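Residue numbers (our numbering): 2 to 185. Structure first, commentary second.
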Ligand code: HEM
């Protein structure tokens, strides 16, 4: 007996919410991170001692939820030339931020470079600080040992993002910093 296939594709019965005032209402454990909901866009600078030079990039970051106590997280970046024009796609990642009592965050983040990060930290009303708990790598992934990610909301609505990296034999240090504004 095979299941019948419906003629039309039904709409998702439980769509994600991008803003705190949208349905479904955010789970109570999401309270310390509801200010992050939505899509953020902006520019940043990056570098690392192993790279030839610094680079400028643009980034889009989205946080949404379906009423349960976790955020769906997605980020994509692309490099910019000296005039600010897009050069090529850069890092992408997606994952889940599991909220625990007292604003504790357990994040699972996957990257197409073969790296899976488990990070833990704390969210408050205007800041999130996440540091590596565990890293798993596919057989050909580069050596990534640890990261620290900080998100800080300023009074003018700007979200500052910094990303420190311990990788390819280097100690934890600056890899990226960006300033983002909410887009939606
Ligand atoms: C906005 C996000 C990011 C941007 C724009 C970015 C950009 C870059 C660029 C331009 C390079 C030089 C190699 C290349 O041209 O592809 C690089 C290298 C690298 N990045 Fe990132 N990156 C980002 C996020 C990350 C993240 C999340 C990690 C790890 C958790 C990471 C780890 C590395 C590593 C390990 C290298 C190689 C260093 C080496 O082999 O010398 N990057 N990144």
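All C-beta atoms in this analysis are idealised placements derived from N, C-alpha and C, irrespective of residue type, glycine included. Given the structure is predicted, the values throughout are model-derived calculations rather than measurements.
Asked, Found
"The segment 46 to 59 contacting the segment 174 to 182, beta-carbon criterion three pairs below 8 Å", "yes"
"Separation of residue 43 from residue 16, as counted between CA atoms", "26 Å"
"Validate contact between the segment 24 to 35 and the segment 95 to 113 using beta carbons, cut 8 Å, 3 pairs", "yes"
"Candidates 64, 106, 93, 132, of which the one nearest residue 192 by Cα", "With the chain covering only 2 through 185, there is no way to say anything about residue 192."
"Nearest-angstrom beta carbon gap, residue 41 and residue 127 [assumed within contact, 8 Å]", "Actually they do not touch by this definition, with Cβ atoms about 14 Å apart."
"Counterpart residues of residue 46 in DSSP-defined beta bridges", "57, 178"
"Segment contact, 8 Å Cβ cut-off, at least three pairs: the segment 142 to 152 with the segment 113 to 130", "yes"
"Buried or exposed by the 16-neighbour rule on C-beta atoms within 10 Å, applied to residue 27", "buried"
"Distance cut-off 7 Å: residue 166 Cβ against heavy atoms of ligand 1", "yes"
"Nearest to residue 83 (by Cα), restricted to the options 104, 70, 66, 56", "56"
"Residue 58 and residue 78 closer than 8 Å at C-beta", "yes"
"Pairwise C-alpha distance: residue 132 and residue 169", "18 Å"
"Residues that DSSP places opposite residue 90 in a beta bridge", "79"
"CB of residue 45 within 8 Å of CB of residue 183, strictly", "no"
"Chain-order list of residues whose beta-carbon lies under 8 Å from that of residue 69 (same chain, five-residue window excluded)", "28"
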